[in-house]
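Written below as structure tokens is the structure these notes are about.
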Amino acid sequence: MSKQAVIARKGPFGVVVEKGKTYWWCACGLSKSQPFCDGSHNGTGFEPVKYVADEKVMVAFCGCKQSHHQPYCDDAHIAIKVEPEEIDESKKKRII
Numbered sequence: 008m009s010k011q012a013v014i015a016r017k018g019p020f021g022v023v024v025e026k027g028k029t030y031w032w033c034a035c036g037l038s039k040s041q042p043f044c045d046g047s048h049n050g051t052g053f054e055p056v057k058y059v060a061d062e063k064v065m066v067a068f069c070g071c072k073q074s075h076h077q078p079y080c081d082d083a084h085i086a087i088k089v090e091p092e093e094i095d096e097s098k099k100k101r102i103i
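Residue numbers (the working numbering): 8 to 103.
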């Protein structure tokens, strides 16, 4: 069981939600249907967060999964340090 969620995106997912509709926000970061749950959390100890839309509006759903106000983005992603990927020098293209 993982203790920290996978960062799906270092920033929010802006989604227009429909009034009265229920959404299940992915808390583990593993879903292929971000920012919503697709069941990938099974066995991880994470559970999706229920969100019911009160109105048709744009919602900024947390993408980094570190928000203290889940499922909403609270800018927690700003503090996340992402290490640059190692560059494979043999795959670099030379521009002439």
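Where a beta carbon is used, it is the ideal one built from N, C-alpha and C, also for glycine.
For residue i, which three-state DSSP category applies?
i: residue 34; result: coil
i: residue 86; result: helix
i: residue 67; result: strand
i: residue 53; result: coil
i: residue 59; result: strand
i: residue 13; result: coil
Give me, in chain order, the residues of the same chain whose beta-carbon lies closer than 6 Å to that of residue i; leave out the 5 immediate sequence neighbours on both sides.
i: residue 73; result: 83
i: residue 15; result: 36, 41 and 70
i: residue 58; result: 30, 32 and 78
Let me know if residue i comes out buried or exposed under the rule of 16 or more other beta-carbons within 10 Å of its beta-carbon.
i: residue 12; result: buried
i: residue 86; result: exposed
i: residue 48; result: buried
Using a Cβ-Cβ cut-off of 7 Å (strictly less than) and excluding sequence neighbours within five positions of residue i, which residues of its own chain qualify?
i: residue 46; result: none
i: residue 55; result: 31, 32, 33, 34, 44 and 48
Just checking my contact of residue i with residue j at CB under 8 Å: how many whole Å lie between their CB atoms?
i: residue 65; j: residue 18; result: Wrong, their Cβ atoms sit about 14 Å apart, outside the cutoff.
Within 7 Å: the Cβ of residue i and any heavy atom of the ligand FMN?
i: residue 41; result: Judged by which ligands are present, the structure shown has none, so any question about the ligand FMN falls away.
Beta-carbon within less than 8 Å of residue i's beta-carbon, same chain only, minus the 5 sequence neighbours each way: which residues are those?
i: residue 81; result: 69, 74 and 75
i: residue 63; result: 23, 24, 25 and 26
The beta strand (DSSP E) with residue i in it runs from where to where?
i: residue 20; result: 20-24
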